[in-house]
Ligand code: 5AD
Ligand code: SF4
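So this is what it looks like as structure tokens:
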């Protein structure tokens, strides 16, 4: 009889891509995926440790698995991803019913760990960081999923050590794939029916700098020449590594979507310095102005941290000022969360949580106004939409995205999936638009 596994994924796109790999690897050893934990023989969590909340969620989920294991001791429970990388063996000590732990560089060892747990009931842990060659050999590769848009990982890890961030500790140093391999993967995806590719990396702007590769901008240019590919996106960018050459791509490359995620983190030079971000508010603004000059329709999104240790009201006002000036279409706002081992965890933090929460709400209120204004401006426009599939609302509609990555639901034939059509925006909602096929 076929064995079943249940997998839950937390956190960023890196984990989503790793989870696709997990699915493929488990299928190779005779498992098939199910959507409920109580129907599975193997339960896996692919975890995130970027903030305290994400981490606590993982432990909460493991707690919910315990009664299942009590009922069926043969059940195998495993944890992968960033929490697994960080905690390693300690997780096996603190969670006695856990069978296996695999780190961010060890996804490929999952079949071996599962097989050992099945045969010998032995508990296993694999969290060592790999060397360069081994890592390159284990980059997440194209899966056979049938879809219009796909992620392609171009680099992994991070060397920036922003003072608040756990990523460099749990994902290891930056490493970039050869451009020839990336382009071959994209061509294969396009042959399979993919029309939009999002290049993925913790800091795609420093792609190839360590390996004497072509620049990230040159990689985009080569992608733009791939016949059959219609849209290019990428994330995440670091403002300090946004070169003029890359900015110019938004004016020159017709397939590059007019949208960029450019994390600001703070608008205060003093805080940016404490964060080790490597740019000032003025540097950031200059890049935004250049982006808007080469591509007037471009829309930006960002990440902002509120309540960084020692943040004053004046620092916070600098952040609000930047948000007013840039007019982001979207902002992901986070309360600072101290991460063990990072430089910021050693800074004195004298703000009360009430004060942090109050600032957080002021920022959200401003951003909501901005987002609303940007989105409402689309009402009545006729926009090109790349159709991705049947609408998630299950109402017989189809959906696609605008160049700005906004979802549009509309009445249309399923034959349109994979095609770019003109859609009139009839109604703007918070998370999506309702459209009419023109
Ligand atoms: N506390 C709060 N937010 C954080 N981020 C990263 N580390 C932390 C932390 N310790 C945010 C940053 C980053 C996004 C992915 O998560 O804004 O850009
Ligand atoms: Fe973390 Fe900074 Fe690297 Fe982004 S660039 S992953 S915030 S250390």
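In this note's numbering, the protein residues as written are 7 to 444.
The C-beta atom is built at its ideal place from N, Cα and C for all residues, glycine as well.
In this text, all values refer to a predicted model and were calculated from it rather than measured experimentally.
Residue interval of the beta strand (DSSP E) (run including residue i)
| i | result |
| --- | --- |
| residue 303 | Neither: residue 303 is in no beta strand (DSSP E) and is coded neither H nor E. |
| residue 21 | Element bounds for residue 21: not the beta strand (DSSP E) but the alpha helix (DSSP H), 19-34. |
| residue 414 | 413-416 |
| residue 443 | 439-443 |
| residue 39 | 37-39 |
| residue 84 | 82-86 |
Buried or exposed (CB count within 10 angstroms, at least 16 for buried), residue i
| i | result |
| --- | --- |
| residue 302 | exposed |
| residue 392 | buried |
| residue 68 | buried |
| residue 268 | buried |
| residue 70 | exposed |
| residue 415 | buried |
| residue 335 | buried |
| residue 45 | exposed |
| residue 183 | buried |
| residue 151 | exposed |
| residue 405 | buried |
| residue 125 | exposed |
| residue 250 | exposed |
| residue 140 | exposed |
| residue 7 | exposed |
| residue 388 | exposed |
| residue 4 | One cannot answer for residue 4 here, as it falls past the ends of the chain, which runs 7 to 444. |
| residue 420 | exposed |
| residue 360 | exposed |
| residue 80 | exposed |
| residue 156 | buried |
Beta-bridge pairing of residue i - partner residues as DSSP gives them
| i | result |
| --- | --- |
| residue 423 | BP columns for residue 423 are empty, so no partner. |
| residue 271 | 310 |
| residue 395 | 405 |
| residue 344 | Answer by DSSP bridge pairing: none, since residue 344 is not bridged. |
| residue 261 | None, per the DSSP bridge assignment. |
| residue 315 | According to DSSP, which records beta bridges pairwise, residue 315 is partnered with nothing at all. |
| residue 291 | None, per the DSSP bridge assignment. |
| residue 169 | According to DSSP, residue 169 bridges with nothing at all. |
Residue closest to residue i, alpha-carbon to alpha-carbon, out of the options
| i | options | result |
| --- | --- | --- |
| residue 136 | 173, 106, 190, 111 | 111 |
| residue 274 | 299, 323, 300 | 323 |
| residue 258 | 220, 379, 227 | 227 |
| residue 209 | 198, 222, 199, 200 | 222 |
| residue 109 | 134, 436, 332, 264 | 134 |
| residue 53 | 35, 353, 22, 32 | 22 |
| residue 19 | 102, 212, 158, 292 | 158 |
| residue 363 | 283, 407, 381, 311 | 311 |
| residue 130 | 97, 196, 145, 441 | 97 |
| residue 443 | 35, 390, 381 | 390 |
| residue 207 | 399, 164, 245, 231 | 164 |
| residue 316 | 354, 161, 348, 279 | 354 |
| residue 193 | 216, 172, 234 | 234 |
| residue 395 | 201, 271, 348, 370 | 201 |
| residue 144 | 27, 347, 438 | 27 |
| residue 248 | 295, 277, 238, 279 | 295 |
| residue 384 | 435, 366, 352, 425 | 435 |
Residue range of the unbroken alpha helix (DSSP H) whose run includes residue i
| i | result |
| --- | --- |
| residue 341 | Taken as a continuous stretch (DSSP letters only), residue 341 belongs to no alpha helix (DSSP H), being part of the beta strand (DSSP E) at 336-341. |
| residue 13 | Note, residue 13: premise wrong, no alpha helix (DSSP H); beta strand (DSSP E) at 9-15. |
| residue 374 | 359-382 |
| residue 435 | Element bounds for residue 435: n/a, residue is neither H nor E. |
| residue 524 | Outside the displayed range of the chain (7 to 444) lies residue 524, so it cannot be described from this structure. |
| residue 353 | Premise fails: residue 353 is in no alpha helix (DSSP H) and is neither H nor E. |
| residue 329 | 319-332 |
> Can you list the beta strand (DSSP E) stretches of 3 or more residues lying completely in the region 92-167, in chain order?
Replying inline: 106-108, 130-132, 155-159
> If you scan the region 183-251 from start to end, which runs of the beta strand (DSSP E) of 3 or more residues do you find wholly inside it?
Replying inline: 202-206, 237-241
> In the region 42-77, which residue ranges form an unbroken beta strand (DSSP E) of at least 3 residues, counting only runs that do not cross its ends?
Replying inline: 48-53
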